[in-house]
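Visitor: Shown below is the structure under consideration.
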Amino acid sequence: MYVVIVGGGLVGATLAAKLAADGSDVTLIESDAGQARELTESLDVQVIEGNGSTAPTLRRAGIEKADLLVATADSDESNMVAGLLATAAFNVPRVVVRLRDESHAEGFSVMDRLHDGEHVRVNPEAAAVERIATLLEVPGATDVVSLLDGRLLVAGFRISESSDFNGLNLAHMKLLFPGTPTLVVAIQRNSEWIVPHGDQEIGAGDLVYFAIARQELSGVLSLVGVHRDVKRHIMIAGASRIGLALASRLEKTNNKVVLVEESGIEARKAAEALGSTLVITGPVTDQNVLEEEGIELVSTFVAVTADHEVNLVSSLLAKRLGASRAFALVDNPALANLIGEVGIDAVISPRLLAVGLALQHIRRGRVRSVAALLEDKVEVIEIEAVEGSKLTADKLAAVGLPRGILVAAICRGDELLVPGGSDRVAGGDNVVSITATRAAGKLDEFLGKR
């Protein structure tokens, strides 16, 4: 494909690197001159300095020949204009636009209705709320992705010395879960990421991702050494859009929710907008504020302020003061890589969520969802198999999937199974694939019709 990306921030740069690695021809537009120079040096794509929401800049980027435009600038309005120009003025067949403010939904639907082509709106903030809510359902997990309409979870756990999984050979997983799909799909060991094939052993300190049928979650938690906490006392740091949406969602399910916001004005707005949530005014990094609100009784502390360094610091403080778990919204890759080392339980990255949402509409075939696992070294891809594709041509052992790509689950009607090499994928099956990011582009040739 020829792809034009507007906005060279973390999302645009990450997406440009992924698409270029997959073999697409990418041009990235960035308005800041210094940032454009840095991107030229760091990425193997064409970088153009300019305003991507103007027709002349889009022409310089070759928009007339583009198969796809992705607008990921910081401004929702700029993204809307870029998307509208691409579809209305230049007839780009596929447009993906990042819009974080839901008030733009109506205007986007009008654009979609009036113009031909495929138009997709992605909202990483809504995806962040969904990811946090899913994490709250799985005690002890560092990362959770819900797939196959919630029937399958891919969840990561740090394995302790006392865990029953410590020392387990992966070939023995079927002995523990003979009736339902439960599979180890990825392992992080020190700085190495492994998509396992054949006999491998789980060790203490490994971060292990399991594909788990939802009904087997309790069994996996027990073997990991984690037990469900009946307390659902949740403290949210920051009255951001994510914080407000999360609080609103949680208070509807009878959770005790406290929201801490430093700005008095924003705190008052939050109190007016929410129902049973207790809204407190004060700095989220102030020990006295957290202690006065019973931080030691909190089952999960979730930091979602606009300042990601504050999120990191407040989460560390909350854990030290007795919170059972702490999640931090962190988009800075350098900070995100510290999470496992400093004791925070989970990191939520809107950058990776936005990239996953975009890739869902860019990958070949009928892709239902794409999610990057921690550090973006592994992708989870849910697809609807297409009859006549390479994936359906033969038994899995014979279709020639490259090393680093694993079919973790197949959903066929009401049946959910972990396939072996002798199984076949049929057209219409929903398939979950685990793919090393470096090999993700190779999966495309197996998804579309030959």
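Here the numbering used here = 1-based position in the sequence shown + 926. Note that beta-carbon positions come from the ideal geometry of N, C-alpha and C, so glycine has one too. Please read these numbers as outputs of a predicted model, since none were measured by experiment.
Could you check whether Arg-1140 and Gly-1076 sit closer than 8 Å to each other, using their CB atoms as the reference points?
Guide: Position 150 of the sequence shown, counted from the start, is the residue given in the question as residue 1076. Position 214 of the sequence shown, counted from the start, is the residue given in the question as residue 1140. Cβ distance < 8 Å, so Gly-1076 and Arg-1140 count as in contact.
Visitor: What is the residue span of the alpha helix (DSSP H) that Gln-961 lies within?
Guide: Along the sequence shown, one-based indexing puts residue 961 at 35. Looking at the DSSP string, the run of the alpha helix (DSSP H) that includes Gln-961 is 959 to 968.
Visitor: Tell me the rounded alpha-carbon separation between Ala-1031 and His-1123.
Guide: Locating residue 1031 in the sequence shown gives position 105, counting from the first residue. Locating residue 1123 in the sequence shown gives position 197, counting from the first residue. For Ala-1031 and His-1123, the distance between alpha carbons rounds to 43 Å.
Visitor: Would you give the residue range spanned by the beta strand (DSSP E) that Gln-1114 belongs to?
Guide: In the sequence shown, counting from the first residue as 1, residue 1114 sits at position 188. Unbroken beta strand (DSSP E) run through Gln-1114: 1108 to 1115.
Visitor: Alpha carbon to alpha carbon, how far is Val-929 from Asp-993?
Guide: In the sequence shown, counting from the first residue as 1, residue 929 sits at position 3. In the sequence shown, counting from the first residue as 1, residue 993 sits at position 67. Answer to the nearest angstrom: the Cα atoms are 6 Å apart.
Visitor: If you measure between the beta carbons of Ile-989 and Phe-1016, is that distance less than 8 Å?
Guide: Counting from 1 along the sequence shown, the entry for residue 989 is found at position 63. Counting from 1 along the sequence shown, the entry for residue 1016 is found at position 90. A contact, by the Cβ cut-off of 8 Å.
Visitor: Measure the C-alpha to C-alpha separation of Ala-1334 and Ala-1365 and round it to an integer number of angstroms.
Guide: Here the question's residue 1334 lines up with position 408 in the sequence shown. Here the question's residue 1365 lines up with position 439 in the sequence shown. About 16 Å.
Visitor: Apart from the five residues just before and just after Met-1099, which ones in its own chain have a Cβ nearer than 7 Å to its Cβ?
Guide: Indexing the sequence shown from 1 puts residue 1099 at position 173. Counting only Cβ-Cβ distances below 7 Å, and skipping sequence neighbours, we find Thr-1108, Leu-1109 and Val-1110.
Visitor: How far does the beta strand (DSSP E) with Lys-1182 in it extend, from its first residue to its last?
Guide: Numbered from its first residue, the sequence shown carries residue 1182 at position 256. Unbroken beta strand (DSSP E) run through Lys-1182: 1182 to 1187.
Visitor: If you follow the alpha helix (DSSP H) that Gly-938 is in, where does it begin and where does it stop?
Guide: Counting from 1 along the sequence shown, the entry for residue 938 is found at position 12. Taken as a continuous stretch (DSSP letters only), the alpha helix (DSSP H) holding Gly-938 covers 936 to 947.
Visitor: Buried or exposed: which applies to Asp-1355, given that a residue is buried once 16 or more other Cβ atoms fall within 10 Å of its Cβ?
Guide: Taking the sequence shown and counting its residues from 1, the one referred to as residue 1355 is at position 429. When all chains shown are included, Asp-1355 counts as buried.
Visitor: Would the beta-carbon of Asn-1240 fall within 8 Å of that of Ala-1163?
Guide: The residue you call residue 1240 lines up with position 314 of the sequence shown. The residue you call residue 1163 lines up with position 237 of the sequence shown. Going by the sequence as given, residue 1240 is Ser instead of Asn. Result yes, Cβ atoms of Ser-1240 and Ala-1163 sit closer than 8 Å.
Visitor: Which residue spans inside the segment 1119 to 1170 form an unbroken beta strand (DSSP E) run of at least 3?
Guide: Correct list: 1133 to 1139 and 1159 to 1163.
Visitor: Helix, strand or coil for Asn-1258 per DSSP?
Guide: Locating residue 1258 in the sequence shown gives position 332, where the first residue counts as 1. Reduced to three states, the DSSP call for Asn-1258 is coil.
Visitor: So, are the CB atoms of Phe-1372 and Lys-1316 less than 8 Å apart?
Guide: Residue 1372 sits at position 446 when you count from the first residue of the sequence shown. Residue 1316 sits at position 390 when you count from the first residue of the sequence shown. In this structure, Lys-1316 lies closer than 8 Å to Phe-1372 by Cβ.
Visitor: Using 10 angstroms around the beta-carbon of Val-1023, count the other beta-carbons present and answer buried if the total reaches 16, otherwise exposed.
Guide: Counting from 1 along the sequence shown, the entry for residue 1023 is found at position 97. Label assigned to Val-1023: buried.
Visitor: When DSSP labels each residue in this structure, what does Asn-1356 get in the three-state scheme?
Guide: Here residue 1356 corresponds to residue number 430 of the sequence shown, with the count starting at 1. The answer is strand: DSSP assigns Asn-1356 an E or B state.
Visitor: Here's the rule I'm using: 16 or more other beta-carbon atoms within 10 Å means buried, otherwise exposed. How should Pro-1328 be labelled?
Guide: Locating residue 1328 in the sequence shown gives position 402, counting from the first residue. Pro-1328 should be labelled exposed.
Visitor: Could you say which of Arg-1338, Arg-1289 and Leu-1299 lies nearest to Val-1367 if we only look at CA atoms?
Guide: Translated into positions along the sequence shown, residue 1367 becomes position 441. First, the amino acid is wrong: residue 1367 is Gly here, not Val. The shortest C-alpha separation from Gly-1367 is found at Arg-1289.
Visitor: Would you be able to state if there are at least three C-beta pairs under 8 Å between the segment 1199 to 1211 and the segment 1171 to 1180?
Guide: Yes: the two stretches touch, three or more of their Cβ pairs being nearer than 8 Å.
Visitor: Enumerate, from N- to C-terminal direction, the unbroken beta strand (DSSP E) stretches of 3 or more residues contained entirely within the segment 1057 to 1101.
Guide: Entirely contained in the segment 1057 to 1101, the beta strand (DSSP E) runs reaching 3 residues are, in chain order, 1069 to 1073 and 1078 to 1084.
Visitor: How about Ala-939 and Leu-969: are their beta carbons less than 8 Å apart?
Guide: Counted from its first residue, the sequence shown places residue 939 at position 13. Counted from its first residue, the sequence shown places residue 969 at position 43. The answer is yes: Cβ separation under 8 Å.
Visitor: Measure from the alpha carbon of Gly-1339 to the alpha carbon of each residue in Asn-1116, Val-1357 and Gly-1374, then state which is nearest.
Guide: Here residue 1339 corresponds to residue number 413 of the sequence shown, with the count starting at 1. The residue with the shortest Cα to Cα distance from Gly-1339 is Val-1357.
Visitor: Less than 6 Å between C-beta atoms, sequence neighbours within five positions excluded: which residues of the same chain meet that for Pro-1050?
Guide: On the sequence shown, residue 1050 is found 124 positions in, with the first residue counted as 1. Within the same chain, Pro-1050 has close Cβ partners Pro-1276, Leu-1279 and Ala-1280.
Visitor: Taking its Cβ as the centre, do 16 or more other Cβ atoms sit within 10 Å of Val-1036, making it buried, or is it exposed?
Guide: Your numbering for residue 1036 matches position 110 in the sequence shown. The residue in question, Val-1036, is exposed, as its Cβ has fewer than 16 Cβ neighbours within 10 Å.
Visitor: For Gly-934, which residues from the same chain have a beta carbon less than 8 Å from its beta carbon, with the 5 sequence-adjacent residues on both sides left out?
Guide: Locating residue 934 in the sequence shown gives position 8, counting from the first residue. Once the five neighbours on either side are set aside, the close Cβ partners of Gly-934 are Ala-942, Leu-954, Ile-955, Glu-956, Asp-958, Gln-961, Ala-962, Leu-965 and Val-973.
Visitor: Along the chain, where does the alpha helix (DSSP H) that runs through His-1234 open and close?
Guide: Taking the first residue of the sequence shown as position 1, residue 1234 is located at position 308. It spans 1234 to 1246 - the alpha helix (DSSP H) in which His-1234 sits, taken as one unbroken run.
Visitor: Spatial neighbours of Val-1426 within its chain, please: CB distance less than 6 Å, with the 5 preceding and 5 following residues excluded, ordered by chain position.
Guide: No information on residue 1426 is available, as it lies outside the stretch 927 to 1376 that the chain covers here.
Visitor: Between the alpha carbons of Ala-1112 and Asp-1069, how many angstroms are there, rounded?
Guide: For the purposes of this step, residue 1112 is identified with residue 186 of the sequence shown, where counting begins at 1. For the purposes of this step, residue 1069 is identified with residue 143 of the sequence shown, where counting begins at 1. So the alpha carbons of these two residues sit roughly 12 Å apart.
Visitor: What are the start and end residues of the alpha helix (DSSP H) that includes Glu-1218?
Guide: Within the sequence shown, numbered from 1, the residue matching residue 1218 stands at position 292. Start and end: 1213 to 1218.
Visitor: Lys-1178 by DSSP, collapsed to three states: which one?
Guide: On the sequence shown, position 252 is the one that residue 1178 refers to. Residue state, collapsed to three classes: coil.
Visitor: Once DSSP output is grouped into helix, strand and coil, what is the label at Val-1344?
Guide: As a first step, residue 1344 is located in the sequence shown; it is residue number 418 there, counting from the start. Three-state DSSP puts Val-1344 in coil, outside helix and strand.
Visitor: Would you identify the three-state DSSP class for His-909, choosing helix, strand or coil?
Guide: The shown model of the chain, from 927 to 1376, leaves out residue 909, and the question about it has no answer.
Visitor: Can you tell me where the beta strand (DSSP E) holding Val-1205 begins and where it ends?
Guide: Counted from its first residue, the sequence shown places residue 1205 at position 279. Start and end: 1204 to 1207.
Visitor: Using 8 Å as the threshold, is the C-beta distance between Ala-976 and Arg-986 below it?
Guide: Your numbering for residue 976 matches position 50 in the sequence shown. Your numbering for residue 986 matches position 60 in the sequence shown. Reading the sequence as shown, one finds Gly at residue 976 and not Ala. A contact, by the Cβ cut-off of 8 Å.
Visitor: In the DSSP assignment, what residue or residues form a beta bridge with Asp-951?
Guide: Working through the sequence shown from its first residue, we reach residue 951 at position 25. Per DSSP, Tyr-928.
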